[in-house]
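Each protein sequence line maps, in turn, to chains R and C.
Just so we're on the same page, the numbering used here is the position in the first sequence counted from 1, plus 1286.
Just so we're on the same page, the numbering used here is the position in the second sequence counted from 1, plus 4.
All C-beta atoms in this analysis are idealised placements derived from N, C-alpha and C, irrespective of residue type, glycine included.
One structure below.
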Amino acid sequence: MYTLDELFEISPYALEREQKHRILTDIVKNLSLVHRANCMEYRRLLGTFHMDPATVDSYEQLMMIPVRLFKEYELCSVDRKEIFKTMTSSGTSGQRVSKIFLDRKTSANQTKALVKTMEDFLGKKRRPMLILDTKAVIKNRSLFSARGAGILGFSMLGYDTTYALNENMQLDYSVVKAFLEKHQGEDLFLFGFTYIIWKHFYKELLNDGKTLNISNGILLHGGGFKKLLSEAVDNDAYKRCLEEVCGLQHIYNYYGMVEQTGSIYIECECGHLHASNFSDVIIRNPKDFSICPMGEKGMIELVSVLPTSYPGHVILTEDEGVILGEDDCPCGRKGKYFKILGRIRNAEIRGCSDTYERP
Amino acid sequence: MRDLNVKYLVGGPIGASRPLPPYDGRVCNFLAELSRALQRDRRTALYPDLLSFAFFCRKANIMKLKKEFEDGRVRLGKGLAFHIAPSNVPVNCAFTYVFGLLAGNANIVRVPSGEPRQIILLCDIMRAMLADEKYNDIWDRTAFITYGHDEAVNDALSARADVRVIWGGNETISKIRQSPIKPRCTEITFADRYSFALIAPEAVADADDDELRRLAERFYNDTYLMDQNACSTPHLIIWFSEGGEKAKVGKQRFWEAVCQTAEKYDLADIKVSDKYVMLCRYAIELEDIESVQRFENLLYVVTLQELPDIITRLRGRFGLFFQYDIRQLGELARHIDETVQTCTCYGVDQEAVRNFAVNHGLRGIDRVVPVGSALDIGVIWDGYDIVRQMSRIIG
């Protein structure tokens, strides 16, 4: 029986299909048993569906928790006294947000997995870090938004963490220039959210007619391209534009969600999102939730070995994607690699609901 | 009315118009021609709901309704009817207008802000017809309007109305009720309702394959066709039976046939997601689930060991149903409150169901109809005799 500690000993993209399947099944199946014993809602779900995790022979057979349930219930598998931070998804006001309960163990494992995974891209040596966001977003520590949590989580990977935007979300040239001068010649790490970087960093540089030289940096960004679709900006255009204004050549997108912080899917040099040892991605056919073969699009299920304080180890997202391959990406990383196609579309729904649409 | 910030889709500001007697010849003739015009227009074929409305307005049906209506008393329309139509059953705009017209009233119909395409089409066809002088009396009594969230309009029209008809959503009803009406104004409200089906499993077991296919098709029309989202759509299937092997066979046959029929349903990914979330929610919250049957993602059937006190919380969507066995109708009595509207039946004596409601003094169940007729709207709806309610008796 494999454990998480053993997994931490292995290089993050080293496991091949069969071995990974064995290890993940051991760990994730065990997580299901732990959550069944400790989370009332999860226990009821398994009971209703007559599903016994002890009898499955693959993590692919475990009950998927739809991500929306984290918005509707406070799903927690440890005593509330053990919770030391609660993360929330960033939703606009009025929207319900996911609540994710973390104890020290889960939180530490998330950080550990993140560091381990990122080392594969950044190397072991820590780099000076420039965050393309404002410090204001992390000031309220009591409730962590996904944005704040992401920033704090990734800050562990660098040193001399510096924020490029001021409180008003404006690019602070003096701060950025000072940072770049101070670390001249060093390899830098930049982090931010896809849309914020575009709007408050790229667009500002463009409007001000300025350029920066950050060619010795690696930029990691996530959060999705949804808001950029209206400007017809895709991943390639994004990279090209950023390179033009600041010389960045190493730009990596990542996919991940607050429900599974720590196990993120990073885009490799070939432009593919990769599952690491700590997680897996399964594409489900919406017709019957059967597993889609490679190349066929469907709903994205995410499996993570990390969540112990809440039952988020097997979740069904509302994103659509497609598996591109497994163990054979030219970048050399093992595991599945895939592409995100966006959110599942809103359908027009009929019936007698209210005459008055709320504004 | 001229100052109001509204848009006229057909008709114009309604002045003082004299009420007509119910089923007035001018109205009946107009409806007969409207029916023909709708059926002649090729664009109507795009909207099955508009077609069924056209079918409703055909001469033979209106004459039949007229005959059923006449009881020897002298009646007259009340005057001006103000209708607030529902947004998501677009064709009800048309029905509520016709009911008001048949009763002898002038009608202002508020079309929902989405301006559903079939209603725009209906208005186009009506506008062309009403240009003819022979329909001046109808023109004077017709206004389809749209406006935003404008309380001034609600207030002004409510203050003038002799009848106010508010189509559903409890929220809409309380919102519109903030606008006062005249002391003599009749108000008809269609609130949020709940419906269920009552089926004898033995009858399903006995049905031959053709009959089974027809039954499944009719059930599909009652449910999936409107995303299981209409007030009269069943959410709960009550199996009325002594039990035994045959009943078991009947139930299984039924769901398999429904699942087969539902193959044609447009199960968009977002609906799959919504439905799965809903199933999980029930799994967490309902105490008495015996089992969950999943026919792929097309059909989820939740079998209950006990009915909750308030059955109206058992609501499915996109093909999610609850089922429960009873031996006696009496077992249902304490679960039926005033929210319960339609009971669709198969293999069950409908008269017995009506008697059950009367004998137990139930507050709910306004309609008992065969499976397949859940969505068929008529002049008797939601417990109201709508045309009579919208007219007055001169005794």
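| query | result |
| --- | --- |
| Please report how far the alpha carbon of residue 192 (chain C) lies from the alpha carbon of residue 1383 (chain R), in whole angstroms. | 39 Å |
| How would you list, in chain order, the residues of chain C whose beta-carbon sits under 7 Å from the beta-carbon of residue 1574 (chain R)? | 300 and 301 |
| So which residues on chain R does residue 296 (chain C) lean against when the C-beta distance must stay under 9 Å? | 1334, 1335 and 1336 |
| Could you spell out the range, first to last residue, of the beta strand (DSSP E) harbouring residue 1294 (chain R)? | Unbroken run through residue 1294 (chain R) is the alpha helix (DSSP H), 1290 to 1294; no beta strand (DSSP E). |
| Candidates R:1470, R:1519 and R:1335: which alpha carbon is nearest residue 1489 (chain R)'s? | R:1519 |
| Run the CB neighbour count on residue 1297 (chain R), radius 10 Å, all protein chains shown included, and call it buried at 16 or more, exposed below. | exposed |
| For residue 285 (chain C), return the contacting residues in chain R, with the cut-off set at a CB-CB distance below 8 Å. | 1355 and 1358 |
| Does the CB of residue 280 (chain C) have a neighbour CB from chain R at under 8 Å? | yes |
| Give the single residue among R:1451, R:1464 and R:1473 whose Cα lies nearest to the Cα of residue 1485 (chain R). | R:1451 |
| With H, G and I counted as helix, E and B as strand and the rest as coil, what does DSSP make of residue 1386 (chain R)? | strand |
| Kindly say whether residue 1577 (chain R), judged by its beta-carbon, lies nearer than 8 Å to any beta-carbon of chain C. | no |
| Looking only at its own chain, which residues have a Cβ that is under 6 Å from the Cβ of residue 380 (chain C), when we skip the five neighbours before and after it? | none |
| Residue 276 (chain C) touches chain A at which residues, Cβ-Cβ below 7 Å? | Judged by its chain identifiers, the structure shown contains no chain A, and its protein chains are R and C. |
| Which one or two residues does DSSP pair with residue 110 (chain C) in a beta bridge? | C:84 |
| Check the Cβ of residue 1631 (chain R) against every Cβ in chain C and list those closer than 8 Å, keeping chain order. | 272, 273 and 274 |
| Kindly list the residues whose CB is nearer than 6 Å to the CB of residue 297 (chain C), restricted to its own chain and excluding five residues on each side of it in sequence; keep chain order. | 305 |
| Cβ of residue 295 (chain C) versus every heavy atom of the ligand MN: is any distance shorter than 7 Å? | Of the ligands one can find in the structure shown there are none, so the ligand MN has no counterpart to examine. |
| What residues from chain R crowd round residue 241 (chain C), counting only those whose CB sits closer than 7 Å? | Simply none; closest approach about 19 Å. |
| I want to see whether chain C comes within less than 8 Å of residue 1331 (chain R), judged by CB atoms only; does it? | yes |
| Report buried or exposed for residue 172 (chain C), applying the criterion of at least 16 other Cβ atoms within 10 angstroms of its Cβ. | buried |
| Under the rule that 16 or more other beta-carbon atoms within 10 Å means buried, what is residue 314 (chain C), buried or exposed? | exposed |
| Just confirm the distance between the C-beta atoms of residue 1448 (chain R) and residue 1415 (chain R), as a whole number of angstroms; I'd bet it's less than 8 Å. | 7 Å |
| Is there contact between the segment 121 to 140 of chain C and the segment 39 to 55 of chain C, where contact requires at least three CB pairs shorter than 8 Å? | yes |
| Go through its chain and collect everything with a Cβ distance to residue 344 (chain C)'s Cβ below 6 Å, but skip five positions before and after it. | 198, 368 and 369 |
| With H, G and I counted as helix, E and B as strand and the rest as coil, what does DSSP make of residue 1428 (chain R)? | Summary for residue 1428 (chain R): the model assigns pLDDT 49, below 50, so the residue's position carries little reliability, and this model does not support an answer. |
| What first and last residue would you give for the alpha helix (DSSP H) that runs through residue 1540 (chain R)? | Taken as a continuous stretch (DSSP letters only), residue 1540 (chain R) belongs to no alpha helix (DSSP H), being part of the beta strand (DSSP E) at 1536 to 1541. |
| Quick check on the DSSP output: what are the complete beta strand (DSSP E) runs of length 3 or more inside the segment 334 to 387 of chain C, in order along the chain? | 344 to 350 and 371 to 374 |
| For residue 1352 (chain R), return the contacting residues in chain C, with the cut-off set at a CB-CB distance below 7 Å. | 277, 280, 281 and 284 |
| With DSSP run on the structure shown, which of helix, strand or coil describes residue 1608 (chain R)? | strand |
| Would you give the residue range spanned by the alpha helix (DSSP H) that residue 1523 (chain R) belongs to? | 1521 to 1532 |
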